[in-house]
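Residue numbers (full-length UniProt numbering): 1 to 188.
Just so you know, even glycine gets a beta-carbon here, dropped at the ideal spot from N, CA and C.
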């Protein structure tokens, strides 16, 4: 499975962006003739597409192309005007992200990418992006159990809430703040 994020404000090195139309990664070894960047980086804000693939599958280029086409059609339907989402307008990139070693953890990795994106935001959108150490590998070993425990806790709260609504003389329903606190505790 792939996670796609449209980052609204992307800081990128405008002078040295090496992304390709298919969203490929830039060359890690690019240097100027002097062995150093000869231009001072200029940062600009520009939307981008980040395709995070925990299996590093072969069909990434078609995903970015299809997404660009979808965005153009969606814009036209919603706004009534045409707009281009070509690579010149919105860069595409396939950051290197932590990889799963089986075919059953796709969803767990997607959840972790989203969680990491908000907890530990990407600071630099310079290409190529290497996020292989974005979160510790050990985190994925406990992720399923954390999700399971959260679901069971919420199920128990919901069950108590329903019982409290049926029999108001026993216990009162759990306040929404308590449910929120339990969810936040699991996020830590």
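Asked	Found
Pick from 89, 53, 163 that is closest to residue 69, judged by C-alpha positions	89
Residue 158 burial status per 10 Å Cβ neighbour count (16 or more: buried)	exposed
Residue 96 - DSSP class collapsed to helix/strand/coil	strand
Beta-bridge partners of residue 149, as assigned by DSSP	According to DSSP, which records beta bridges pairwise, residue 149 is partnered with nothing at all.
Length of the line joining the Cα atoms of residue 104 and residue 60	20 Å
Residue 52 and residue 97 closer than 7 Å at C-beta	yes
Whole-angstrom distance between residue 95 and residue 129, CA atom to CA atom	5 Å
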